[in-house]
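Notes follow once the structure below has been shown.
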Amino acid sequence: MTIQATPGLDATLSPARDPISETGRTLAELLAYRRCQYDATGCYAGITHPHVLNDDPVRAELFHSRLLAALIAGRETTRMVSASPFVREVAELAIGIYTPEGDNIAQSPGIQVHIRCMGEVIQWMIEHDYEHEVGIDPGDLFWCNDPTVAGMHPADVYDIMPVFWQGELVAWVCTVIMEMDIGAVSPGCMPIANVERATDGMRFVAEKVGTNDELRHDIELKIKNSLDMADIFLLDRKGAIAANIRVRQEICRIIDEFGLDFFKEAGRELIEEERRNQIARIRQRTVPGRYRNVVPLEFYMADQPVSWLPARKDHIRLVPVEMRIERDGALVLDFEGAGEWGWHPFNATPSGMWGGLAFSAVQTLAYDGRANLGSLLPLDLRLPTGSVLNPEDVRPLATASIWAPVIDVFSLWCGMVANSYYMRGFREEMFTYRGGSGLQMAGYDQYGTRRPLLAAPTGNFGAGATGVCDGLDAGGALITAEVDLGNTEIWECFMPYLDLGRRFEPYSVGWGRFRSGASIPTTAMLHRSTETIAAGVVGGAAEYILPNLGLGGGYPGGRRFNVVLRNTDIAELIERRAPLYHELGHPASPEFERIDGEILRLHHMPPPMEVNDHDILIASVGSPGGYGDPLERDLEALRIDLEEGLADPEIAENIYGALAELDPSRNEWEVDVERTEDLRAARRRERLARAVPVEDWWRRTRERLVDGDIDAMLLEMYQSSMKMSEAFTSEFKQFWALPDAWTGGVQ
Amino acid sequence: MAVSKDDLRDLFAGTLAWDKTKEIISGPKDDDRFEAVLELLQEQVRWPERILLPLREHLYIVESGGSRIVKCDCGHEFGDWRRNWKMSAAIIARDDIASMEEIYPGLRRPDPNLCEIREFICPGCGVLLDVESVPVGYPVVFDALPDIDVFYDDWLGRPLEDHQDCEDRTAEIISKWAKPLL
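So the sequences go chain by chain: A and B. Numbering-wise (the numbering used here), the first sequence opens with residue 1 and increments by one. Numbering-wise (the numbering used here), the second sequence opens with residue 1001 and increments by one.
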């Protein structure tokens, strides 16, 4: 595969010299120097008195706009070249500009999780002396998708390109695209039944894969021999390379126009400026102090057909989260008490955790288009070594689903920051999101090609309520804020299935005075498939324990679930032109129960199972949290929900304490205001009659713990955290007044 | 952008017109928001104590006779702000199928063997103050312990008259409860 070199660019190409970075330093020296400067001054690159941007603000704005425009144009270029619906439909990509030492200056919209991760890859290359051992020259192409270097999972492939100006390395351009096929063990790019690294598929360990803007022929052959979807992968690379070249061209134009010194100094000042802005935002919008929450991670591995048998164990790990907002505006996240790592693909890594913090902090604090490394510099993560967030050695482990704990942790983190926004009066900034899981497949598609079959219409998640309005219905996937569902017809071209329904699911909602957005379940009927398996795909590891996402008296959304209908009578229904299955209906008596066939109710990690044409896969995500007491929900808002099918009379009465009826003459819903007021008053009295003092509940629960009368998985979970942390042990036993020797019966 | 008191009131009530709401969401944040909100909330409550910090829906940290306590807008008092207010609330713990199904029917229900839904209710007015969903046996979550003095001293630049150390004192409640057990 050849990418035409940019006309005129040759003028800027010259043989690499040693050293290739500014002021005669090697890249390694430059990196070490920058770190020293930061440690010594607390300012990025030692910039204690920014002046380049301040001296001429108009020029500075123009400069930043040109960088951002180049990145957005590069991202759109990729979408024009790529064939993958992940890129074209859902836009699972992003592109960034980095300093020579790997610090992000500017980032396109998209999956901004990679702002720091891609820079970590560059720094890894520098630390491993690529400058001398591998060589970094104009027109070089590097790939990395190895989470042991940096990143979120092997499906996210980084295309990295150095930018030279008159022989000096002045920047890097990096594009990330999520791949549908990375050669992993079935069912695809995010398998569950993989616990060892080899099952992750292809890993590129920051490898030089091309020179002179041209992919090496042997690498191209390797891809063709290693992937079922080699064409898609290579087209994505072509799109990424085209984007990188386009941005590189623009950088050269900017340097030509603004001057090299300005480019370098202003780029670094953008990072320092953003660091200061981020601290200013924290000090403007939050309140210092300590904030806490807890994340349970459920791993159901006992039935997985894994290659490493000790991995076959169901277990839960606890992740207590403490956020401290310090006097100086620094924000520290401490995970003391996190349980141990395990043999599964869901362990996080420090890089992955920084990725989660990056997109969460950017989308909720630093969303003004100037996000870069500076957005993260005031933040810190304390990740206990040996925990599920930071295994001692990631290299032997599969890493396909690092996303799962990351999303669970940072969705709750948004709620923690939201509590702080509330105190400061910025209730409109309150927000939560939630991870989702679903079903993926592998097998022969409608064209007879064997391949992974992962659809990722991530736009179907509802967003959490804010403190001033309901959450968005769908559109709540914070990982990539511009996400949408994509066109059904396009997904159907890529998958051997037909989409039977895309309807909002009212019972997915997190109830509250303001409710969360409703989510849209995936409902796919296999069509023209052959030898196909289905299994889970996990983007969040909380399942039977609802994530603690309610705000100010709101409830978290209900449990998500997967259902597979096999050996159904759908073919006959189609033949008779009878109604098919299109929506869930009431979750206690779901519509799918009227379909004749085998009904498999599954958790979020079902092992692979055989599926055939006319089988139906249902994956329903739960929404994040509602806000405020549901008995205070505005009745007009409720009436609109009823009109729009986002609530039913049972929800109105049971959850919102409101009595509503459909007026058949007008076919409109009416809420009886007077009777509702009476009912709500009665509900509050009922609550008080039913509730007990916390002291009574505490004694009862303590007795259960003393007697070991809670689920064995939970006892093992607590033991795991106790092994990891004396502080956790002490606080846990103190809270429940447990004897020092307490183990809950676990040896 | 500055937001008027009337708009703030309507914004929080969810009754502000969407175009204005959107403008506030998308616009630059106003530096004096805290003061404006404090003034609004002080007018809305029916008791005289000075609000130091709104803690969450219905709850405030107030100055009361030289102490700082958590108080509901109904007037119910939960005690020192450094002790988790939830320990002084009333609780409905949904820990079985029947009670969970009231909120999460059928497929949406969590597993009561693993999960507990704790509803913390104001003993004074019956309002639902917080819903906690955690593993069975997990200690009550102390969501927020604001450092009030650092906030007023360093961030707002107008120190409060007396300083109080910001330290978690929930253990004092536990000690009292645990006394008969020892």
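Idealized CB from N, CA, C, for every residue including glycine.
| Query | Result |
| --- | --- |
| Proximal residues to A/Leu635 (C-beta, below 7 Å), its chain only, five neighbours per side dropped | Ala658, Val671, Val673 and Thr676 |
| Secondary structure of A/Ile160, DSSP reduced to three states | strand |
| A/Thr523 versus A/Leu549, A/Gly553 and A/Val563, residue with shortest Cα-Cα distance | A/Val563 |
| B/Lys1071 at chain A interface by Cβ criterion, 9 Å | no |
| Beta-carbon neighbours of B/Leu1181, restricted to chain A and to distances below 9 Å | Arg699, Arg702 and Ala737 |
| Cβ-based burial, B/Arg1046 [other Cβ within 10 Å; buried from 16] | exposed |
| Residue interval of the beta strand (DSSP E) (run including A/Gly501) | Tyr497 to Gly501 |
| C-alpha distance - B/Ala1129 paired with B/Cys1074, whole-angstrom precision | The sequence given here places Leu at residue 1129 of chain B; Ala does not occur at that position. When rounded, the distance between both Cα atoms is 12 Å. |
| Min CB distance A/Tyr581 to chain B below 9 Å | no |
| Nearest to A/Ala805 (by Cα), restricted to the options A/Pro590, A/Asp228, A/Val149 and A/Pro187 | Since the first and last residues shown for chain A are 1 and 747, residue 805 of chain A lies out of range. |
| Per-residue contacts from B/Lys1086 into chain A (C-beta, under 8 Å) | Val694 |
| Backbone secondary structure at A/His315 - three-state DSSP | strand |
| Cβ neighbours of A/Ala518 in the same chain (closer than 7 Å, five flanking residues each side left out) | Gly462, Asp473, Phe504, Glu505, Pro506, Ser508, Val509, Ser623 and Leu646 |
| Chain A contact for B/Asp1019 (CB, 9 Å cutoff) | no |
| A/Asp711 versus B/Asn1113 - alpha carbon distance | 6 Å |
| N- and C-terminal bounds of the alpha helix (DSSP H) containing A/Gln734 | Glu726 to Trp736 |
| Burial state of A/Ser725, where buried means 16 or more other Cβ atoms lie within 10 Å | buried |
| Residue range of the unbroken beta strand (DSSP E) whose run includes A/Val538 | Thr530 to Gly539 |
| Selected residue, minimal CA-CA separation from B/Val1134, among B/Val1070, B/Leu1156 and B/Arg1118 | B/Arg1118 |
| Beta-carbon gap between A/Arg480 and A/Glu92 smaller than 9 Å | Before going further, note that residue 480 of chain A is Thr rather than Arg in the sequence given. Against a cut-off of 9 Å, the Cβ pair of A/Glu92 and A/Thr480 comes out as a contact. |
| Listed by chain order, chain B residues near A/Tyr656 by CB distance under 9 Å | Ordered by position in chain B, no residue passes the 9 Å Cβ test against A/Tyr656, which lies about 12 Å from the chain. |
| Partners in chain B for A/Gln284, counting only beta-carbon separations shorter than 8 Å | Lys1029 and Asp1031 |
| According to DSSP, residues forming a beta bridge with A/Ser721 | None; A/Ser721 has no bridge partner. |
| A/Asp408 - containing alpha helix (DSSP H), residue span | Trp403 to Arg424 |
| Cβ contact (3+ pairs, closer than 8 Å) linking the stretch 546-562 of chain A and the stretch 403-416 of chain A | yes |
| Extent of the continuous alpha helix (DSSP H) to which A/Met353 belongs | Pro350 to Thr364 |
| Contact set between the stretch 1156-1176 of chain B and chain A, restricted to residues whose Cβ is under 7 Å from the partner | Cys1166, Ala1171 and Ile1174 |
| Environment of B/Pro1048 [buried if 16+ CB atoms lie within 10 Å] | exposed |
| Residues near A/Arg246 by beta carbon distance below 8 Å, same chain, minus five either side | Ala70, Ala73, Gly74 and Thr77 |
| Three or more C-beta pairs below 8 Å linking the stretch 154-170 of chain A and the stretch 47-65 of chain A | no |
| Every unbroken alpha helix (DSSP H) within the stretch 570-607 of chain A, with a cutoff of 4 residues, ordered by chain | 570-575 |
| Distance CB(A/Gly139)-CB(A/Thr211) smaller than 9 Å | yes |
| Whether A/Gly475 touches A/Ser516 by CB criterion (9 Å) | no |
| Chain-ordered neighbours of A/Phe561 on chain B, where CB pairs are closer than 9 Å | Leu1107 and Arg1108 |
| Contact the stretch 1101-1111 of chain B vs the stretch 1134-1150 of chain B: 3+ CB pairs below 8 Å | no |
| Within 9 Å, strictly: CB atoms of A/Thr99 and A/Trp172 | yes |
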